[in-house]
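To keep things clear, I will list the structure first and then write my remarks on it.
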Amino acid sequence: MLLQVKNLRCGYGSLEAVRRASLHVCAGEVVGLLGANGAGKSSLLRSIIGLLPPWQGEILIQGRDVCGQPAWRSISHSTVLVPEGKMIFADMTVRENLLLGGYHNPDRALQMEIVLERFPRLRERLRQLGGTLSGGEQQMLALGRALMARPSLLLLDEPSMGLAPKLVEELFAEIVRMKDLGLTVLLVEQNATATLRIADRAYVMEAGEIILEGEAADLLHNPEVRRAYLGNGRKDEG
Amino acid sequence: MSTFDRRYELMPRAQLEQLQLERLQALLARLRRNVRRYREKLGEVRLDSLGDLAALPFTDPEEVAASFPYGLFAFPLREVIRLHSTLGPEGRPLVIGHTRNDLAQWGRLVARQLAASGVTANDVVLICLGGAIHPGASGYVLGAEFIEACVIAEDALHIDYELAMLQTYRPTVLITSPSNALTLIDTLEKRRLDPQSLHLRAVLLSRPVDQEFRAQLAAGLFAAVQCNFGISEILDPGLCVECEAGQLHVHEDQFFPEICEDELILTTLGREAMPLLRYRTRVAAELRRGKCPCGRTGAMLRTGARLDRRFRVKETCFYSAQIAGILAQTRAAGHRFLIEDSEQYLRLAIEISKDLFAGTLSGAEDPKRDIESELSAHLGIEADVRFVESLPHDQIGVTSPHSTFDASDTLPRVV
């Protein structure tokens, strides 16, 4: 298990956002974490990366306890978060954004070649300011910046948010390619159909609790998932 | 060694236990949301470790029967696409529902057993479980389809027809009950047929039998014999797999087994339509976790006797309450009875009294025959009734300590 979370509780002030969540991700897997707005998915991710201190529970990455460690330490166990809303540096060029992602990596020049190879559109825009990119390009930049750190575990928080359907398709195809290269991905999403099509397994969260775990293909047919996230009942296929 | 689902069957214990904890926590959340009875029982209780499960309430078979038919379903009936009924406590019926995912999962779990028995896509599988009424048959069909073996989804209702099917379709795998396998061997001997003239490679029995009987069947059918063990309220077949080393491994990714006062307790981890928490199976068992040469990591199960008043004649199961119910419709109403032996046919001793034979001196009525035919008509089993002056009160020589009953305190009606 690359990532193992046990009985994690965290929240804001007196508000408990995640109530005893347990999940695991094995090396090479793409695991989806689905749920409606406010279900606690992002809080769970933020706790794993160290942005939100957990109240209770265990977080192990490659068997090492990382519970409560500050976010900047996460890079030392090869875990990178692509936050919700991309969070790229708008006033810096694409090149600067990428270099920042690989700041600790002595081979960042080589890594940048690899990343640009994968996202040729970024190469065309190397000198352009991040803020002037389109939404889809910004998402590519956020992904590219994360890959600059050569992570083994990539946490993606709602990467499809605000993207046109065509771009969402491209983005998910990119995630599949990353999986093929051996990257492990924990993907937090509201877009259940697209996630379940590419993920190996998935968890469903509701009101701070994980209510379902299973193979992604099975969850696509789970009545509860279909009703809540795919917007249809049994008879009409989605 | 052949495994169908390596990922789960050979999963390292640490990962398996993490998965079980996750699934148990999700199960509790779902039970609270979707099943009123569990919501009331569980309250706000949470689970931090697998050990905490021992503090949660059991689900009794009586409770499942009290929720008959749909009280424990976690989904509205329209999401349920298959219903199977099974025998509940004291003969009361239970209904088990399956969603589309439940059926797919059932198929995959049975496929694990078939793969362990060496069934491949090149095999032809004949299922003879004694009539289409056997719900397990559909599980085997699902499983064989996952393996992509060729299934003969037709149950030969007569041994001659079964033999003809074995000779003409030439199945390589036979899934059957122990009593049917025995009948088949007898028939082969009577007809002076060589078992090798059939093409059987493997025989899978619907319930466990002892080593001696297994060896007899293996020799008589000239095939490897493996056994299934299931609990029909949970899953039968598909609860566990008998490996090459002869161990029954519980599918621990789908079922969490516990032993409580010798009784096997099972929790369904992935069932959608009818999840059960800490179900008391009323079966004695031992559980052992450790290394098995086959590499499977699921707990090893050794099953024992039933812990309730359930009897079995050949493949038909019944409760003494059902016998009491049937006797209540006859002259023997109100008489004490004793179930003496129940393997090949039902031997029943009934305590006589003055009124039992009242008015039968003419010979027009034969209480023994009447009672036997009633039992056969209701339960479909052969019975041999004898009348005794008094039944022992100290229960000497009784098959089960609970098997003397008063037919007057009839329990529920027989189904």
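Just so you know, the protein sequences line up as chains A and B, in that order. Under this note's numbering, the first residue of the first sequence is numbered 1, with each subsequent residue one higher. Under this note's numbering, the first residue of the second sequence is numbered 1001, with each subsequent residue one higher. For every residue, glycine included, the Cβ atom is placed at its ideal position computed from N, Cα and C. Nothing here was measured: the structure is a model prediction, and the numbers come from that model.
Three-state secondary structure (DSSP) of residue i
i: B:F1068; result: coil
i: B:F1179; result: The question names Phe, but residue 1179 of chain B in the sequence shown is Ser. Correct three-state label for B:S1179: helix.
i: B:H1158; result: coil
i: A:L219; result: helix
i: B:Q1254; result: coil
i: A:A183; result: The sequence given here places Leu at residue 183 of chain A; Ala does not occur at that position. Looking at A:L183 - three-state DSSP - the assignment turns out to be coil, as it is neither helix nor strand.
i: B:H1134; result: coil
i: A:Q56; result: strand
i: B:I1081; result: coil
i: B:S1342; result: strand
i: A:S76; result: helix
i: B:N1228; result: coil
i: A:Q4; result: strand
i: A:T193; result: helix
i: A:Y12; result: strand
i: A:D107; result: coil
i: B:E1174; result: Sequence inspection shows Leu at residue 1174 of chain B; the Glu mentioned does not correspond to that position. Three-state DSSP puts B:L1174 in a strand.
i: B:P1401; result: Any reading at B:P1401 is ruled out, since the residue's pLDDT is 37, under 50, leaving its predicted position unreliable.
i: B:P1093; result: strand
i: B:D1370; result: helix
i: B:D1186; result: helix
i: B:G1220; result: helix
Residue i versus residue j: straight-line alpha-carbon distance, rounded
i: B:S1138; j: B:T1172; result: 19 Å
i: A:V188; j: A:L34; result: 6 Å
i: A:G63; j: A:I175; result: 25 Å
i: B:R1039; j: A:R121; result: 54 Å
i: B:Q1167; j: B:R1078; result: 43 Å
i: A:R9; j: B:L1016; result: 22 Å
i: B:V1203; j: B:A1224; result: 6 Å
i: A:R125; j: A:P106; result: 24 Å
i: B:A1245; j: A:E137; result: 57 Å
i: A:G11; j: A:R227; result: 28 Å
i: B:D1160; j: B:R1191; result: 11 Å
i: B:Y1169; j: B:I1152; result: 9 Å
i: B:A1156; j: B:R1046; result: 50 Å
i: B:D1394; j: B:N1180; result: Residue placement at B:D1394 is flagged as unreliable, the pLDDT there being 48, under the threshold of 50; the coordinate-derived value follows with that caveat. One C-alpha to the other measures close to 37 Å.
i: B:R1023; j: B:L1269; result: 6 Å
Amino acids of chain A, ordered along the chain, whose beta-carbon sits closer than 8 Å to that of residue i
i: B:F1256; result: Simply none; closest approach about 14 Å.
i: B:Q1018; result: M1, Q4, K6, S22, H24
i: B:G1270; result: G214
i: B:E1148; result: Those do not exist, as B:E1148 stays about 18 Å from chain A at its closest Cβ, beyond 8 Å.
Residue-chain proximity (residue i, chain B), Cβ-Cβ < 8 Å
i: A:Q4; result: yes
i: A:L187; result: no
i: A:E213; result: yes
i: A:P223; result: yes
i: A:E209; result: yes
i: A:D218; result: yes
i: A:G238; result: With a pLDDT of only 37 at A:G238, under the threshold of 50, the placement of this residue in the model should not be trusted; the figure read from the coordinates follows. Not one chain B Cβ lies under 8 Å of A:G238.
Any chain A beta carbon closer than 8 Å to residue i
i: B:T1267; result: no
i: B:A1029; result: yes
i: B:A1055; result: no
i: B:T1099; result: yes
i: B:Y1112; result: Sequence inspection shows Arg at residue 1112 of chain B; the Tyr mentioned does not correspond to that position. Judged by the 8 Å Cβ criterion, B:R1112 is not in contact with chain A.
i: B:L1276; result: no
i: B:R1033; result: yes
i: B:E1145; result: no
i: B:E1022; result: yes
i: B:E1079; result: yes
i: B:Q1226; result: no
i: B:Q1196; result: no
i: B:Q1216; result: no
Proximity to residue i [Cα-Cα], best of the options
i: A:S160; options: A:P151, A:F172, A:Q4; result: A:F172
i: B:A1144; options: B:M1165, B:L1103, B:S1373; result: B:L1103
i: B:E1009; options: B:V1283, B:D1210, B:A1116; result: B:A1116
i: B:M1165; options: B:G1107, B:Y1140, B:L1126, B:E1389; result: B:L1126
i: A:C26; options: B:P1392, B:L1031, B:A1014, B:R1036; result: B:A1014
i: A:P83; options: A:D157, A:H77, A:A109, A:D91; result: A:D157
i: B:T1086; options: B:F1318, B:R1037, B:A1285, B:T1120; result: B:F1318
i: A:E16; options: A:V5, A:T193, A:L52, A:R145; result: A:L52
i: B:V1141; options: B:G1118, B:E1212, B:D1194, B:L1114; result: B:L1114
Residues that residue i contacts on chain B, provided the C-beta gap is smaller than 9 Å
i: A:R20; result: Q1025, R1046, L1047, D1048
Chain-ordered chain A contacts of residue i [CB-CB under 7 Å]
i: B:F1073; result: Chain A residues near B:F1073: none, gap ~11 Å exceeds 7 Å.
Residue i: contacting residues in chain B (beta-carbon distance under 8 Å)
i: A:I61; result: Per Cβ cutoff of 8 Å: no residues; A:I61 is ~14 Å from chain B at best.
Cutoff 8 Å: residue i Cβ touching any chain E Cβ
i: A:M161; result: As a matter of chain content, chain E is missing from the structure shown, whose protein chains are A and B.
Near the ligand ADP: residue i beta-carbon under 7 Å from a heavy atom
i: A:E58; result: Judged by which ligands are present, the structure shown has none, so any question about the ligand ADP falls away.
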